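Notes for the one structure printed next.
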Amino acid sequence: MLGTQDKTNYIKMLVSGVRTRVRMELQNLKTIKSNDSNYFVTRSSQALANIIPCFSNDHSKCSKASTVCQHHMSSIGKYSVKHLPYGQHLHLSNTESSHLKDTISSTFDTETLQYVSNLYNTNRCESLHSTIFNYAPKFTCWKRNFSGLCHSATILEHLEKAELEKTAWKRLSVLK
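Per the numbering used here, the sequence shown starts with residue -1, numbered consecutively.
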């Protein structure tokens, strides 16, 4: 019973460590060159393939493939293995290691990484907010009515500002 529980905890800690490392690698790579999706896909696949060897204390490719590993800073006390299960490097057999690598690479194949690279793009949201607050600024009329603000911005994008303001004020029964 205790052995099964210990194995379950070990797997949970390993999954948590891998998930955190994947997230950090992808975020760091996206901030390096945010517009180049080919660069992101290439570097991400290298970084993700390097996670299990890095966790197993093989840091030979970390300087070129990883943006997260700080093993090179171990001489000044910056490197830590607290994120690994029980605070130790992994001791995996070749089959276990290759199985974990295959799982990571099949989960994050080229198509998925292309999709992930597009998720970080916020141009459409920023464009919407720019349009909304350009055509319908936050003044007292729209302070508590966000749907009215969006509706006004949509109409203002197609009509002239003065004409829309008249229409809006008439609807609100301010002008008669």
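Ideal Cβ placement from N, Cα and C applies to all residues, glycine included.
Note that the structure is predicted; figures quoted are calculated from it, not measured.
Simplified DSSP assignment, three categories, for residue i
i: PHE106; result: coil
i: THR65; result: coil
i: SER54; result: coil
i: TYR113; result: helix
i: TYR77; result: coil
i: SER35; result: helix
i: SER128; result: helix
i: CYS26; result: Note that residue 26 corresponds to Asn in the displayed sequence, not to Cys. Three-state result, ASN26: helix.
i: LYS168; result: helix
Alpha-carbon spacing of residue i relative to residue j, whole angstroms
i: LEU87; j: THR93; result: For clarity, residue 87 is His in the given sequence; the question names Leu instead. So the alpha carbons of these two residues sit roughly 17 Å apart.
i: TYR8; j: THR110; result: 28 Å
i: ALA63; j: ASP4; result: 32 Å
i: ASP34; j: ALA166; result: 44 Å
i: LYS168; j: HIS149; result: 15 Å
i: PHE144; j: PHE106; result: 39 Å
Closest by C-alpha distance to residue i, when choosing among the options
i: TYR77; options: CYS60, VAL13, LYS164 and LYS10; result: CYS60
i: SER91; options: CYS67, VAL66 and PHE53; result: PHE53
i: MET11; options: ASN33, ALA63, THR105 and GLY85; result: GLY85
i: THR108; options: TYR37, SER150 and LYS31; result: TYR37
i: ARG19; options: LYS31, TYR8, ILE30 and GLN68; result: GLN68
i: LYS99; options: ASN143, VAL16 and ASP4; result: VAL16
i: HIS81; options: VAL13, THR6 and LEU170; result: VAL13
i: LYS31; options: THR65, ASP56 and HIS57; result: THR65
i: THR6; options: GLU124, ILE102 and PRO83; result: PRO83
Three or more C-beta pairs closer than 8 Å, one from the region 18 to 29 and one from the region 48 to 66: is that the case here?
-> yes
Per the contact definition of three or more C-beta pairs closer than 8 Å, is the region 30 to 44 in contact with the region 101 to 119?
-> yes
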